[in-house]
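Novice:
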Amino acid sequence: MHTLRRYRLTMVIFIVTTTSVAVGLMSYALRENINLFYTPSSVISGDAPVNVTIRIGGMVVKDSLTRSKQSLQSTFRVTDGKSEVDVYYDGILPDMFSEGEGAVATGEINGDLVFIASSILAKHDENYMPPEVTYALDEAAK
Amino acid sequence: MVAEFGHFSLIIALFIALMQTVIPQIGASIKNQLWMSCARPLVLAQSLFILLSFICLVFLFINDDFSVRYVAENSNTLLPDRYKISAVWGAHEGSLLLWVLILAFWSLAVSMFSSKLPIQLVARVLAVLGFISVGFYLFMLFTSNPFDRSLPYFLTEGADLNPLLQDVGLIFHPPILYMGYVGLSVAFAFSVAALLNGSIDSAWARWVKPWTLIAWMFLTLGISLGSWWAYYELGWGGWWFWDPVENASLMPWLVCTALIHSLSVTEKRGAFASWTLLLAIMAFSLSLLGTFLVRSGVLTSVHAFATDPTRGIFILIFLIVVIGGSLLLFAFRGPTKKSSSKFSSLSKELFILANNLILIIITAVILLGTLYPLIADVLGWGKISVGPPYFNLFFVPLTLLLGLLMPVASILRWKKTPRLNILKYFNGPLILSVIIGGSFPLMYESYEPIAVVSIFISSWIILITLRDIGHKSSTKVSILDGLKRIKISYWGMVTAHIGVAICIIGVGLTTAYSIQRDVRMLPGETISLANYQFEFVTIEPYEGPNYIADQATVLVTKKNSTIALLKPQKRRYFSSGQTMTEASIDSSIFRDLYIALGEPLQGDAWAIRIYIKPFVMWIWIGALFIAMGAVLASLDGRFKKIQ
Numbered sequence: 000m001h002t003l004r005r006y007r008l009t010m011v012i013f014i015v016t017t018t019s020v021a022v023g024l025m026s027y028a029l030r031e032n033i034n035l036f037y038t039p040s041s042v043i044s045g046d047a048p049v050n051v052t053i054r055i056g057g058m059v060v061k062d063s064l065t066r067s068k069q070s071l072q073s074t075f076r077v078t079d080g081k082s083e084v085d086v087y088y089d090g091i092l093p094d095m096f097s098e099g100e101g102a103v104a105t106g107e108i109n110g111d112l113v114f115i116a117s118s119i120l121a122k123h124d125e126n127y128m129p130p131e132v133t134y135a136l137d138e139a140a141k
Numbered sequence: 000m001v002a003e004f005g006h007f008s009l010i011i012a013l014f015i016a017l018m019q020t021v022i023p024q025i026g027a028s029i030k031n032q033l034w035m036s037c038a039r040p041l042v043l044a045q046s047l048f049i050l051l052s053f054i055c056l057v058f059l060f061i062n063d064d065f066s067v068r069y070v071a072e073n074s075n076t077l078l079p080d081r082y083k084i085s086a087v088w089g090a091h092e093g094s095l096l097l098w099v100l101i102l103a104f105w106s107l108a109v110s111m112f113s114s115k116l117p118i119q120l121v122a123r124v125l126a127v128l129g130f131i132s133v134g135f136y137l138f139m140l141f142t143s144n145p146f147d148r149s150l151p152y153f154l155t156e157g158a159d160l161n162p163l164l165q166d167v168g169l170i171f172h173p174p175i176l177y178m179g180y181v182g183l184s185v186a187f188a189f190s191v192a193a194l195l196n197g198s199i200d201s202a203w204a205r206w207v208k209p210w211t212l213i214a215w216m217f218l219t220l221g222i223s224l225g226s227w228w229a230y231y232e233l234g235w236g237g238w239w240f241w242d243p244v245e246n247a248s249l250m251p252w253l254v255c256t257a258l259i260h261s262l263s264v265t266e267k268r269g270a271f272a273s274w275t276l277l278l279a280i281m282a283f284s285l286s287l288l289g290t291f292l293v294r295s296g297v298l299t300s301v302h303a304f305a306t307d308p309t310r311g312i313f314i315l316i317f318l319i320v321v322i323g324g325s326l327l328l329f330a331f332r333g334p335t336k337k338s339s340s341k342f343s344s345l346s347k348e349l350f351i352l353a354n355n356l357i358l359i360i361i362t363a364v365i366l367l368g369t370l371y372p373l374i375a376d377v378l379g380w381g382k383i384s385v386g387p388p389y390f391n392l393f394f395v396p397l398t399l400l401l402g403l404l405m406p407v408a409s410i411l412r413w414k415k416t417p418r419l420n421i422l423k424y425f426n427g428p429l430i431l432s433v434i435i436g437g438s439f440p441l442m443y444e445s446y447e448p449i450a451v452v453s454i455f456i457s458s459w460i461i462l463i464t465l466r467d468i469g470h471k472s473s474t475k476v477s478i479l480d481g482l483k484r485i486k487i488s489y490w491g492m493v494t495a496h497i498g499v500a501i502c503i504i505g506v507g508l509t510t511a512y513s514i515q516r517d518v519r520m521l522p523g524e525t526i527s528l529a530n531y532q533f534e535f536v537t538i539e540p541y542e543g544p545n546y547i548a549d550q551a552t553v554l555v556t557k558k559n560s561t562i563a564l565l566k567p568q569k570r571r572y573f574s575s576g577q578t579m580t581e582a583s584i585d586s587s588i589f590r591d592l593y594i595a596l597g598e599p600l601q602g603d604a605w606a607i608r609i610y611i612k613p614f615v616m617w618i619w620i621g622a623l624f625i626a627m628g629a630v631l632a633s634l635d636g637r638f639k640k641i642q
């Protein structure tokens, strides 16, 4: 084959393979690393998968927060106005976390339908409500 | 009165910008000297009016004029003066005003330092910059006017600036980042002007390069300042979160990095002309997209965007006009002449092409990860968040690959490098960096592969670079004489590349050897962590100008000698009642000790977050080197001659 043509062909093959490998890897990585959001109602109804990393959110139920006396372990309940989910967390709760306010947790549901959180997000200023919480409340109100 | 004055100046600036867009552009098309030469005075006039408008807003903030809605929402009488000034760009409207002010500044700089450029090119460049200004003026005046009054019922006290933003870092971070964002408009304007003029050559590349370098320098500084701020202010000890807002600034940086390298090829070899133009258009488009993502509210929720779509729709239309328009122009007027330069498989050109490809792939990965939740939400695939693992999965190996190729590219010759010479050149550094990388983690208790790889890559970069400096200076009479003969742009490249190596060391070692403990502590209690003893001495109330705080005193000792006395705070701001964590850090070259207060628990106990972060400062020191490299490169004599 002509040198120039061969050069062009290798270039084209190179570009096509790298792009398809890249696109394949990207969509695979996206599938593996996205965390779907579920409302407390869908957790209780069993729609949310067990032992898979997901996010849940809602309002923290008043007087539901209990802390261990020796460690940083805490439990509280999150509601969308219809159903409540128990959340367990071992770590420092964020600044704006408080009962009666919105919070979003990332973690897994265990066999007893308790949500084992690996991280907790609260709103980051007075006026802000995590969009997921608004969504959860709206869904439950429907 | 002052508010009306500021508003009025803004309107005048809009009309001047309109003239700046139209008159020189027509002048350049019909080759009318007088019309083209209007561009410079118009830029000056526009800058003066926008500056006036900006000063008015600063004045309103300092004098607590809460009848102006924007001031009332973002300031407070108790706010210290320096934060009143930084509150000017603390939220949407004011930051747009800063955006156009900086755009005017860049336009003015172009009009002043372009005396030796062809007037037709200058006229077109300034016209394009004028067009961008017009877009932003219209956006401000129609959807986000910072001078809007809330008459007749106005507040006697402002709502206050978000406490997170009440920090020295936030005084400088936005202006510097915007200098970078907006500075990319210059390379963009030069590209559009070149497309309109129908000529692009090495002279053109030489004109664009210093502007691009300076914009890139500001972008580098802005991003690293933001990351440093997040590190000490958010209280989580992290320095990069793959947050959409961060990604929005990283993407233009990556493309701009590609652009700088591709410009070199266009300048020295006359090749890659179309690619360079495309990169310049992409870089600025991404910086506009970043503004759109951050400013339209589309990130917090697609629905927030849908309920108040005016802002978002406006930026979206502007985005389509600018990006679509410039790409169409590129399609019709792009360089058709095939570049005559050829290069072999072992040439600088090919390696720079590889660099560009990798950078573009990284950008594409980040863009997809950033936009995916939005796309999913719009298409009803559910509420999704894309986590850091996705970004790291691609970013880390691709960056390391980039680091592996980087020093090779820098010593290869243009066109073709003899194969034999080159292999000899790499053997020594390769063996040495394998040894250094492999043995470094032995100093620590655990053998971490991340540390091995990052130390290997950075030694590889540094060793080859040093060797090349030695090689370049040894051929002359004496080494000192040889060093003096090396061009300043070469020093720029070397400094920036070593900066990347320093950065990789910082990122790698912090990731591998950071220690974090979240603990519950009572005053008087001591905790041991990696040879350090942390004693929680006391917790006392503390009063700041606009907040009260609980301030802890933590004594850090190592083998019975005092290392540091750290005083982290938990603040409560008066005006908003908002709680804020103020971490306390003992920084040094080899490690940071980082303490943040969590929450008060029962009795006197507190939740306390303790970190030991080795080499974390190297991330930002590396970034400083990169920025310094850009400055050195832009000082090269060949750029001065043409200005």
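Keeping their order, the protein sequence lines are chains A and B.
Take 0 as the starting number for the first sequence in numbering that gives the first Met the number 0 and just add one per residue.
Take 0 as the starting number for the second sequence in numbering that gives the first Met the number 0 and just add one per residue.
For every residue, glycine included, the Cβ atom is placed at its ideal position computed from N, Cα and C.
Values in this document were obtained by computation on a predicted structure and should not be read as measured data.
Taking the alpha carbon of Ser113 of chain B as the point to measure from, which residue in B:Phe240, B:Ile383, B:Trp210, B:Ala272 has its own alpha carbon closest?
Specialist: B:Trp210
Novice: Run the CB neighbour count on Ile609 of chain B, radius 10 Å, all protein chains shown included, and call it buried at 16 or more, exposed below.
Specialist: buried
Novice: To the nearest angstrom, how far is the alpha carbon of Glu156 of chain B from that of Ser74 of chain B?
Specialist: 8 Å
Novice: How is Tyr82 of chain B classed by DSSP in three states: helix, strand or coil?
Specialist: Look at Tyr82 of chain B here: in three-state DSSP terms it is helix.
Novice: Under three-state DSSP, which class holds Ile618 of chain B?
Specialist: helix
Novice: List the residues of chain A whose Cβ lies closer than 8 Å to the Cβ of Arg608 of chain B, in chain order.
Specialist: By Cβ distance, chain A contributes Ile91.
Novice: Whole-angstrom Cβ separation of Ser457 of chain B and Ile503 of chain B, contact assumed at under 8 Å?
Specialist: 5 Å
Novice: Anything in chain A within Cβ reach of Met250 of chain B, meaning under 8 Å, just list it in chain order.
Specialist: Against chain A, a Cβ distance below 8 Å from Met250 of chain B picks out nothing, because the smallest value is about 15 Å.
Novice: Just tell me which of B:Ser263, B:Tyr180, B:Leu565 has its CA closest to the CA of Ser248 of chain B.
Specialist: For the residues B:Ser263, B:Tyr180, B:Leu565, the minimum Cα distance to Ser248 of chain B belongs to B:Tyr180.
Novice: Taking the beta carbon of Pro544 of chain B as the centre, do at least 16 other beta carbons fall within 10 Å, making it buried, or is it exposed?
Specialist: Classification of Pro544 of chain B: exposed, given that the 10 Å Cβ count is below 16.
Novice: Secondary structure at Val555 of chain B, three-state DSSP: helix, strand or coil?
Specialist: DSSP places Val555 of chain B in strand when its eight states are reduced to three.
Novice: Residue range of the beta strand (DSSP E) that Trp605 of chain B falls in?
Specialist: Bounds of the beta strand (DSSP E) holding Trp605 of chain B are 605-613.
Novice: Does the distance from the C-beta atom of Phe217 of chain B to that of Gly182 of chain B stay below 9 Å?
Specialist: yes
Novice: In three-state DSSP terms, what is Val407 of chain B?
Specialist: Reduced to three states, the DSSP call for Val407 of chain B is helix.
Novice: In this structure, does DSSP put His6 of chain B in helix, strand or coil?
Specialist: If DSSP states are grouped into helix, strand and coil, His6 of chain B belongs with the helices.
Novice: What first and last residue would you give for the beta strand (DSSP E) that runs through Thr647 of chain B?
Specialist: Beyond the ends of chain B as shown, which are 0 and 642, falls residue 647 of chain B; an answer cannot be given.
Novice: Give, in chain order, every residue of the stretch 20-37 of chain A whose Cβ lies closer than 7 Å to some Cβ of chain B.
Specialist: The stretch 20-37 of chain A vs chain B, Cβ under 7 Å: Ala21, Met25, Ala28, Leu29, Asn32, Ile33, Asn34, Leu35, Phe36.
Novice: Comparing alpha-carbon positions, which option in B:Val99, B:Gly234, B:Leu150, B:Leu120 lies nearest Ser132 of chain B?
Specialist: B:Val99
Novice: Please identify, using Cβ separations under 9 Å, the residues of the stretch 508-519 of chain B that lie next to chain A, in order along the chain.
Specialist: Asp517, Val518, Arg519
Novice: With burial defined as no fewer than 16 other Cβ atoms inside 10 Å of the residue's Cβ, what is the status of Lys68 of chain A: buried or exposed?
Specialist: exposed
Novice: Arg570 of chain B: buried (16+ other C-beta within 10 angstroms of its C-beta) or exposed?
Specialist: buried
Novice: Does any residue of chain A have a CB that is nearer than 9 Å to the CB of Ala363 of chain B?
Specialist: At least one beta carbon of chain A lies nearer than 9 Å to the beta carbon of Ala363 of chain B.
Novice: On the DSSP letters alone, give me the boundaries of the beta strand (DSSP E) that Gly101 of chain A sits inside.
Specialist: In the DSSP assignment, Gly101 of chain A falls within the unbroken beta strand (DSSP E) covering 101-108.
Novice: Is the number of C-beta pairs between the stretch 19-36 of chain A and the stretch 52-60 of chain A that are closer than 8 Å three or more?
Specialist: yes
Novice: Use the C-beta contact count for Ile280 of chain B: other C-beta atoms within 10 angstroms, 16 or more gives buried, fewer gives exposed.
Specialist: Result: buried.
Novice: For a contact defined as C-beta to C-beta under 7 Å, what are the partners of Asp94 of chain A on chain B?
Specialist: Thr578, Met579, Thr580
Novice: With a CB to CB cut of under 7 Å and the five nearest residues on each side skipped, what residues in its chain are close to Gly234 of chain B?
Specialist: Thr580, Ala582, Ala595
Novice: Taking only beta-carbon positions, decide if Tyr134 of chain A is within less than 9 Å of chain B.
Specialist: yes
Novice: Got a sec? Which residues, its chain only, sit under 7 Å from Ile29 of chain B by beta carbon, not counting five neighbours each side?
Specialist: none
Novice: Looking at C-beta atoms only, is the number of pairs between the stretch 388-402 of chain B and the stretch 349-368 of chain B that lie closer than 8 Å three or more?
Specialist: yes
Novice: Tell me, please, whether the CB atom of Phe393 of chain B is closer than 9 Å to any CB atom in chain A?
Specialist: yes
Novice: Gln642 of chain B: buried (16+ other C-beta within 10 angstroms of its C-beta) or exposed?
Specialist: Residue confidence is low: Gln642 of chain B scores 47 on pLDDT, short of 50, so the model does not pin down where it sits. Its coordinate-derived value is still stated next. Result: exposed.
Novice: Below 8 Å, how does it come out for the stretch 373-381 of chain B and the stretch 439-450 of chain B: are there three or more Cβ pairs, yes or no?
Specialist: no
Novice: May I ask you to list the residues that DSSP assigns as paired with Ile547 of chain B?
Specialist: B:Glu542, B:Arg571
Novice: So with CB distances below 7 Å, who are the chain A contacts of Gly386 of chain B?
Specialist: Asn32, Asn34
Novice: Check distances from the C-beta atoms of the stretch 59-74 of chain A to those of chain B and list, in chain order, the residues that come in under 8 Å.
Specialist: Against chain B - using a Cβ distance shorter than 8 Å - the residues of the stretch 59-74 of chain A are Arg66, Lys68, Gln69, Ser70, Leu71.
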